[in-house]
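Quick note: the sequence shown, position 21, residue 21 per this note's numbering, numbers continuous.
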Amino acid sequence: MVYSYAKFFVDGRGQRVMVFKWQKNKKIKRSSAPLTPWEQEQKRRQERLKAKKKKIELRPEYDRNLPKMKKKRTQRLKKHEKVLLSVFLTLTLITFYFILPFSRVMSVKIDSSYPESKNEILEASDLRYYESLFGVWPRTEQISQKIKKNVSSVKSVDISYKGSKITIKAQEYPMVGYLKKGSAYYRITSVGSVSSEKLKRITGKYPVFYSFDSKKPLVQTAQQFSKLSPEIRQSISEIHAAPTKVDPQRIKLYMNDGNQVIAKSITLKKKMKYYPNISANMDSPGIVDLEVGAFSYPYGKK
């Protein structure tokens, strides 16, 4: 504190002079006289200022940064709320998806070359109505392999999904004819596979295979027949298995022009290319023998 006081002294001329002096950091000795109201108020004011200053100096560092910390804390809380809300909504949507029909197999469409194959393909797929799609998706390749294994006429399978609808597109081997078993007819493909579904009706577009009790001769004949030219295939109406002890591969072909061809199932493609020239030189319908050589003779002659 800085304060001043005055002294009076007499100079050389005998005049009285008053001199002010300033002193620092020295306490003024006050008399014991009571303070005036104004002095009391000033004293209280000084005490309040000192207390406030001391309080500010003693205030912790973290207390001064409290507003900033509070703001950051509020931002973190909002961020956590958004994350929790997103997780909750995701779980809710997944739960609803499992419950609602969107996650179930509602329909299976079979796209195949032949209508009679649809039931075979559907049964081989082992898909069930209202089955969970979460159990079907991982088995897509397994389902394709199962169809090709159990339905021999299927060459390739493509499975696609559109919501809760499944489409199975099956590419099948070309059809070469009908196999007669008892009173029923079954479709035969170019690889010799026979469908398990009975046909409701047949057309004259393909020949009918008769008496093929063994699988091997039927497969050989179907494969050889599929390699013939379209003109020769369309000229054949019936193919009969006619094995003998000497030649178990012997077959008979009944032609649309009235001729009968004797051949072997294993050499059918190779020998039938001679048929058009041989039949053109025949004066009347008869038998064309392609089993060993290549010759013809009319009916009634050995």
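Built from N, CA and C at the ideal position, the CB exists for glycine as well.
Span separating the alpha-carbon of residue i from that of residue j
| i | j | result |
| --- | --- | --- |
| SER190 | PHE225 | 8 Å |
| PRO243 | LYS146 | 35 Å |
| ILE28 | LEU77 | In this predicted model, ILE28 has a pLDDT of only 49, less than 50, meaning its place in the structure is not dependable enough to derive any value. |
| ILE236 | PRO207 | 6 Å |
| THR221 | LYS227 | 10 Å |
| ALA184 | VAL136 | 36 Å |
| SER265 | HIS240 | 10 Å |
| SER144 | SER125 | 7 Å |
| PHE209 | ARG139 | 38 Å |
| LYS72 | PHE88 | 24 Å |
| LYS148 | ARG201 | 25 Å |
| LYS245 | SER229 | 31 Å |
| LEU100 | LYS79 | 32 Å |
| ARG45 | PRO37 | 12 Å |
| MET282 | LYS301 | 14 Å |
| LEU93 | LYS109 | 28 Å |
Buried versus exposed call for residue i [16 or more other C-beta atoms within 10 Å across all chains shown]
| i | result |
| --- | --- |
| ASN259 | buried |
| VAL83 | exposed |
| VAL261 | buried |
| SER170 | Note that residue 170 is Ala in the sequence shown here, rather than Ser. When all chains shown are included, ALA170 counts as buried. |
| SER86 | exposed |
| SER214 | exposed |
| GLN249 | buried |
| TYR275 | buried |
| SER296 | buried |
| TYR299 | exposed |
| TYR130 | exposed |
CB of residue i within 8 Å of CB of residue j, strictly
| i | j | result |
| --- | --- | --- |
| LYS164 | VAL105 | The identity of residue 164 in the sequence shown is Ser, whereas the question assumes Lys. Yes, Cβ-Cβ distance for SER164 and VAL105 is below 8 Å. |
| SER112 | ILE121 | yes |
| LYS43 | LEU35 | yes |
| THR116 | LEU199 | The amino acid occupying residue 116 in the given sequence is Glu; Thr does not appear at that position. In this structure, LEU199 lies closer than 8 Å to GLU116 by Cβ. |
| SER193 | TYR173 | yes |
| SER156 | THR167 | no |
| PRO285 | ASP257 | yes |
| GLY204 | ILE188 | no |
| LEU253 | PHE212 | no |
| LEU133 | SER103 | yes |
| ILE278 | ALA263 | no |
| ASN119 | GLU197 | yes |
Practice task
Mind listing, in chain order, the continuous beta strand (DSSP E) runs of no fewer than 3 residues lying wholly within the region 118-187?
Solution key: 154-162, 165-172, 175-181
Exercise for the section: Evaluate contact between the region 279-295 and the region 260-270, counting only Cβ atoms and requiring at least three cross-stretch pairs below 8 Å. Expected result: yes
Handout entry: Segments of 3+ residues assigned as beta strand (DSSP E) that fall wholly inside the region 222-289
Key = 236-241, 250-255, 260-264, 286-289
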